[in-house]
Amino acid sequence: MLHIIYLVFSSFFILHSYSELSPIQIDPLTQHFIDEYGRVRIFHGVNVVYKLPPFLPNLTDFDPQNSLTNDDLNNLHQWGFNVIRFYTSWMGVNPTSETEINQQYLSQLSKAVQMMEDKGIYALLDVHQDVFSRYFCGEGVPDWVAKKLDDDVFKSFPMPVATNITREPDTGYPTLEACLARPFFQYYITQAVMDGFHMLYTNQHGVLDSFASFWRTIASTFANRSSVL
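Numbered according to mature numbering (1 follows the signal peptide of the UniProt record, and there is no 0), the sequence shown spans residues -19 to -1, 1 to 210.
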């Protein structure tokens, strides 16, 4: 009986300690991660990115390619991983406009972070992009941001890499098959993608302000979570 009590107590202690991960700060001089005891922390982690709607991996049913379930997290913990670079989608948060906030996406994102925390794994929330937009064979900004480009520039993609590209009739996105016909980095030199980044960095049409609003939403959602780096 004493052995059973000891095991139960030990299990409770371990689970309890996972849910209160040490808060981490960044030393502005060294750029090191510092824990509450002043120690430099070095993390060992993996990347989890699901680039298509709903912009989240499957959190309930195990899949060898596209899930982040408790089974996955148990494996990662047992293998010694203690951080996940986790995709945080601007389009997931603001699907149709800056003012529309997708609370369901935020709720699922919070659920994923809590699942990681319960297994002793930190989250590094990652605003990821590849070649700016799904309209340009990548992902990153919401569709309504990409459409702020001049119409002739928007429709010119994939010039000058190619003269045209096959598109899905219902969405207007290039087909994945057509996109994968070339190395994706080539699309960075298309006029549409270059103008898209220029629009973002120079705050044309208030795009940079919209991005800042999105990131404020993420920051306020996770401000009190010690497991978010």
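Heads up, the beta-carbon is just placed ideally off N, CA and C, and yes, glycines get one too.
The model shown is predicted, which means the values in this text are computed figures rather than measured ones.
Contact set for residue i: own chain, Cβ-Cβ below 8 Å, skip 5 residues either direction
i, result
"T183", "L189"
"H186", "K129 and M180"
"Q172", "V134, S137, F138, M140 and P141"
"L57", "V27, I65, K100 and I102"
"W196", "V108"
"L40", "S48, L49, T50, Q89, K92, A93 and M96"
"N63", "F24, H25, G26, G101, I102 and Y103"
"F43", "T50, D52 and D53"
"G153", "Y116"
Strand pairing of residue i, partner residues [DSSP]
i, result
"V64", "G26 and Y103"
"Q46", "DSSP lists no partner for Q46."
"P155", "R148"
"residue 212", "Here the chain comprises residues numbered -19 to 210, so residue 212 is not present and cannot be evaluated."
"F14", "I7 and R22"
"V126", "Bridge partners of V126: none, in fact."
"V209", "A104"
"N39", "S48"
Neighbour-count burial assignment, residue i, 16 or more Cβ in a 10 Å radius
i, result
"V21", "exposed"
"Y71", "With the sequence shown as reference, residue 71 is identified as Trp, and Tyr is not the correct amino acid for it. Buried, since its Cβ has 16 or more Cβ neighbours within 10 Å."
"P35", "exposed"
"E149", "exposed"
"A193", "exposed"
"P9", "exposed"
"Y49", "Position check: residue 49 holds Leu in this sequence, whereas Tyr was assumed. With 16 or more Cβ atoms within 10 Å of its Cβ, L49 is classed as buried."
"F135", "buried"
"P38", "buried"
"F(-8)", "At F(-8) the pLDDT is 37, less than 50, meaning the model places this residue with poor confidence and gives no usable figure here."
"L90", "buried"
"S191", "buried"
"N75", "buried"
"P123", "buried"
"Y86", "buried"
"G19", "exposed"
"L(-13)", "Confidence is the limiting factor: at L(-13) the pLDDT is only 36, short of 50, which leaves the residue's position unreliable, though a coordinate-based value still follows. Exposed is the call here."
"I127", "Per the sequence shown, the amino acid found at residue 127 is Ala instead of Ile. Buried is the call here."
7 Å Cβ shell around residue i - same chain, five flanking residues per side excluded
i, result
"Q167", "V142"
"Y169", "V112"
"T77", "W125"
"D16", "S3, I5 and R22"
"Y31", "L37, P38, N47 and Y68"
"G61", "H25"
"A198", "A small correction: the amino acid at residue 198 is Thr; Ala does not occupy that position in the sequence shown. Once the five neighbours on either side are set aside, the close Cβ partners of T198 are V74 and I82."
Interface flag, residue i vs chain C, CB-CB below 8 Å
i, result
"L181", "The structure shown contains no chain C, having only a single protein chain."
Neighbourhood of residue i by C-beta distance below 6 Å, restricted to the same chain and skipping five residues each side
i, result
"P155", "C118, I146 and R148"
"A159", "I146 and T147"
"F203", "V209"
"Q110", "G121"
"Q59", "none"
"H13", "V21"
Would you check if there are 3 or more beta carbon pairs closer than 8 Å linking the region 40 to 56 to the region 114 to 123? Taking 8 Å as the limit for Cβ pairs, the verdict is that the region 114 to 123 does not touch the region 40 to 56.
At least 3 beta-carbon pairs within less than 8 Å: the region 94 to 113 vs the region 202 to 210: By the Cβ criterion, the region 94 to 113 is in contact with the region 202 to 210, since at least three pairs of Cβ atoms, one from each stretch, lie closer than 8 Å.
Taking contact to mean at least 3 C-beta pairs separated by less than 8 Å, is the region 130 to 148 in contact with the region 161 to 171? With the cut-off at 8 Å, the region 130 to 148 and the region 161 to 171 touch.
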